[in-house]
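Line order of the protein sequences matches chains Y and X.
Start counting the first sequence at 1; every next residue gets the next number (our numbering).
Start counting the second sequence at 1001; every next residue gets the next number (our numbering).
Number of protein chains: 2
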Amino acid sequence: MPIENEIHEKLVTLLNEKKYSEFMREIDEYNPVDAAEFLTLLESERLPAVFRLLKKDTAADVFAELDVELQEEIIKAMTDRELSRIIEDLFVDDAVDMLEEMPANVVKRIMKNASPETRQMINKFLNYSEDSAGSVMTAEYIAVRANMTVSQSLEYIRRTGVDKETVYIVYVTNTRRVLEGTFELKELIFASPDTLIEEIMESDPVSVTTTDDREAVASLISKYDLLALPVVDKENRLVGIVTVDDALDVIEEETTEDIEKMAAILPNDKPYMRTGIFETWKKRIPWLLLLMISATFTSTIITFYESAISASGLIILTAFMPMLMDTGGNAGGQASVTVIRSLSLGDIQLGDFLKILWKEFRVSLLCSATMAIATFAKVMLIDRMYTYENGFMIALVVSLTLGCAIIVAKVVGSMLPILAKRIGLDPAVMASPFITTIVDALTLVIYFQLISRILNVY
Amino acid sequence: MPIENEIHEKLVTLLNEKKYSEFMREIDEYNPVDAAEFLTLLESERLPAVFRLLKKDTAADVFAELDVELQEEIIKAMTDRELSRIIEDLFVDDAVDMLEEMPANVVKRIMKNASPETRQMINKFLNYSEDSAGSVMTAEYIAVRANMTVSQSLEYIRRTGVDKETVYIVYVTNTRRVLEGTFELKELIFASPDTLIEEIMESDPVSVTTTDDREAVASLISKYDLLALPVVDKENRLVGIVTVDDALDVIEEETTEDIEKMAAILPNDKPYMRTGIFETWKKRIPWLLLLMISATFTSTIITFYESAISASGLIILTAFMPMLMDTGGNAGGQASVTVIRSLSLGDIQLGDFLKILWKEFRVSLLCSATMAIATFAKVMLIDRMYTYENGFMIALVVSLTLGCAIIVAKVVGSMLPILAKRIGLDPAVMASPFITTIVDALTLVIYFQLISRILNVY
């Protein structure tokens, strides 16, 4: 259970009263995630000292859960020997995650204190690109041979399994480390001791290569309800595994990225509270600037028609512009966001674009008709347009414009993400803010055209 | 590995040539997920016959992966005995998911053919509310007693574990089914055979109750990297477990819901391609209507100032309205979406609202200054405002308005989701479309106020 406030205070009291052995016993009761949360709340000066009180075999687990800033402080206060021990105890993927965010001098010191094997492994992992399966995999898996028996395998797992990330999925490789199969630990429990591994293993397991996209890897794990997925190199040699908990983290990070892109924010991999205000500004300002400049279209369109509007004396028509543009933008946003999310969940494929177009077109007709009628009624009654000389005609133009705008918005909104994906861009950047700008311009053109034709203004 | 096109064709050929035993051997090689995908692509008339060819022990696994429409067709073609067998082989949570979407007469037939125990279990599960831990848990777990030894437990798991959803997390309960602890299967592998379970079990496991929110359950599983989480009733009796693969599904569904709400769509639990156009319309039209009507604010504001604008001859000022409102909306959307996502990931808490306000205020000052300067330059140069008589003053008013609008938008955008959560609403409904409407109105008021003060129009 998470550490409650009173226990947090108790732990702090034990520290203050220097009852260290009692503190050690107490903190050991908790999950490393919770212990890390406790350390995070301490004043930073006492953090390294308190960290030293943790049991040696859980220290690395707690360390892996800390924010990188706190990891850095602890490392600075560590002796080379302590540092070396922590590095060897960390899973390689956690060590690499940490190294990627550390300043160069700290990285240097860490690498100096790592064993040659660990150093080699870390270097290999650092070479995988950030969004690849290689970057999220872990090297600590269990592999046995196909000609071993069930009891031999169990013995092998007993001997080597303690510091592996998972023992529940076991891999079968040959002498050249080529992946031949996989089986679940429970098979060993249910099978008789003399059964050969090749009899129980699944011989054509789902696998990915180090360069595959980490999002695709997470989707496979989610689709097949796997606990772990093997990662192989180009020669089909097993180099690591991605576990379901890492897949969960990938899915959350990638979804956050998608949501940020949809809201016209550059993706950011730090939590909100840990992102500085300049950093936040840097992530938000590019799209604001771009969208502001692209709004030049709308100003140009309005400028082009303005004298006519002004001359007509029907300046009341400008009062409906925000409503028309906003509703068009909302209608387009609905379509684009639905398509973007469905693409990312794999519910629709690029090849479905004709079906999507046909569906969105029919939905847009329904929405368009509903909204046009509602808007006509609203403009006549709520905006009291019937008190105006040309009230009926104005209401007609406004509701017709809205009807057309919704159809255009939904069609454009659903097709742009698909187009983006086809030309290799991320569909998520085509969401509401971008659609809004396009739909605004189109809506205004429709509006002014209808004004000139129906109201005979120009 | 997923079923490739050529294999798909091979399977169809085997069926067409009536080589059923070969077909049975072939399809059995594949994951139930893939077998279900193959069945989905068949013409619906032959589906029940092909389903009958599946091995009895995998039929239920494949069945659970099918869409509810296909499940219904198969059930209609089944004899009562076949139906009874499938129901008993399904995990209770899968049976309940299916029943929730079946027409009443099918539900009746299913319940009639279920064993009394299964019927009782299904009825219990049907009573849990849709978003609760109870609705996503599974009743097939392994529980042992604290005074059993490691070898006794292993023997018990061997005997009873085959049809459990997971054997990797084992629960410890007393005679009254109260949850006393939990341990991982690997502990049994590593411990000596005579060790008592009470020595290896973790005695204060993280658990949830049946009525807890399923999203909170998924977050716990993700936070502590768990394979499964026990669900207890109010008397702390173990009633089920939620496994990590179900947590993954919950996270994906809840995220989709959040994204839909942010895009002003009512949440929908069917994939895009399987949602009819009337259903899609029904999910989209309410927010469109509401936002269209709330845009009455902006029309009213414009109407209020329109004669003055018209009289001033400065109708050029209307050309900047779309840009001002869109940029304000985008700036507000950025803040609100960031806060909504951070709330849902647990990165920020309601209590942090002063910190968030202070941070967004400073970020908005930076964005505001950047955008005001950029807009001033853009209006003077690109819009060639220097060619107008009052060009400099107009550019000044436009950029000052934008600067103020961004500050207001970011502050409102970040605070509304928090306010929504505090009064018990879903923060996601406070995203861009809603913020846009509010920010539009505020931006226009600022604009007209600045016009009247700086340009001395009215």
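Even glycine gets a Cβ: it sits at the ideal position worked out from N, Cα and C.
Computed from a predicted structure; not experimentally measured.
For arginine 1237/X, the three-state secondary structure derived from DSSP is strand. Pairwise C-beta distances place the stretch 1441-1452 of chain X out of contact with the stretch 332-351 of chain Y, as fewer than three of them are shorter than 8 Å. In the DSSP assignment, leucine 1179/X forms a beta bridge with Thr1173/X. In the three-state reduction of the DSSP assignment, serine 151/Y falls in the helix class. The beta carbons of threonine 1243/X and leucine 1220/X sit about 13 Å from each other, so the pair does not count as a contact at 8 Å. Per DSSP, the beta bridge partners of leucine 1196/X are Thr1149/X. Annotated three-state conformation of glutamate 202/Y is strand, per DSSP. For glycine 424/Y, the nearest beta carbon of chain X is not closer than 8 Å to its own beta carbon. A straight-line Cα-Cα distance of about 49 Å links valine 1208/X and leucine 402/Y.
Between valine 1033/X and lysine 223/Y a beta carbon distance of about 6 Å is seen, short of the 8 Å cut, so the two are scored as contacting. For valine 33/Y, the secondary structure class from DSSP, reduced to helix, strand or coil, is helix.
Among the residues facing chain Y, alanine 1319/X is included, as its CB has a counterpart in that chain under 8 Å away. Counting only runs of at least 4 residues, the stretch 204-234 of chain Y fully encloses the following alpha helix (DSSP H) elements, listed from N- to C-terminal order: 214-223.
Exclusion of the five residues before and after tyrosine 1168/X leaves Glu1184, Leu1185, Leu1227 as the residues of its chain whose Cβ lies within less than 7 Å of its Cβ.
Annotated as proximal: glutamate 253/Y and aspartate 269/Y, with beta-carbon spacing under 8 Å. A check of alpha carbon separations from threonine 1256/X across Ser342/Y, Ile142/Y, Glu26/Y identifies Ser342/Y as the nearest. Residue-level contact by beta carbon holds for glutamate 252/Y and chain X, with a gap shorter than 8 Å. Per DSSP, reduced to three states, the secondary structure at valine 162/Y is coil, with no helix or strand assignment. Within chain X, no C-beta atom comes less than 8 Å from the C-beta of valine 62/Y; the nearest is roughly 13 Å away.
Per DSSP, lysine 108/Y is one residue of the alpha helix (DSSP H) stretching across 104-113. Sequence-distant Cβ neighbours of methionine 262/Y in its own chain, meaning closer than 7 Å and more than five residues away, are Val337, Ile340, Ala428, Ala431, Ser432.
Between the beta-carbon of leucine 1042/X and that of valine 1050/X there is about 6 Å, and that keeps the pair under the 8 Å contact cut.
Sixteen is the threshold: when 16 or more other Cβ atoms of the shown chains lie within 10 Å of the Cβ of tryptophan 1287/X, as they do, the residue is buried. The count of Cβ pairs closer than 8 Å, one atom from the stretch 1391-1411 of chain X and one from the stretch 1434-1445 of chain X, reaches three, so the stretches are in contact. Neighbourhood of glutamate 1306/X in chain Y, by CB distance below 7 Å: Ile315, Ile316, Thr318, Ala319, in chain order. For valine 439/Y, the closest alpha carbon among the candidates Ala1133/X, Tyr1156/X, Met1323/X is that of Met1323/X. The DSSP assignment places no complete beta strand (DSSP E) segment of no fewer than 3 residues inside the stretch 1063-1087 of chain X. Taking 8 Å as the CB threshold, methionine 1393/X stays off the interface with chain Y. Membership of serine 344/Y in the alpha helix (DSSP H) is indicated by the continuous run 321-345. Nearest to glutamate 260/Y by C-alpha distance, out of Thr280/Y, Glu215/Y, Glu101/Y, is Thr280/Y. Residues of the same chain with a CB within less than 7 Å of the CB of arginine 214/Y, apart from the 5 flanking positions on each side, are Asp131, Ser132, Ala133, Ser135, Val136, Val250 in chain order. In the structure shown, alanine 1405/X adopts helical secondary structure according to DSSP, grouped into three states. Alanine 1036/X is outside the set of residues whose beta carbon lies under 8 Å from a beta carbon in chain Y. Counting along the chain, the unbroken alpha helix (DSSP H) around leucine 291/Y starts and ends at 277-294.
Taking a Cβ-Cβ threshold of 9 Å, none of the residues of chain Y is close to tyrosine 1156/X; the smallest such distance is about 11 Å.
Against chain Y, the beta carbon of phenylalanine 1183/X has no neighbour under 8 Å; the closest one sits roughly 14 Å away.
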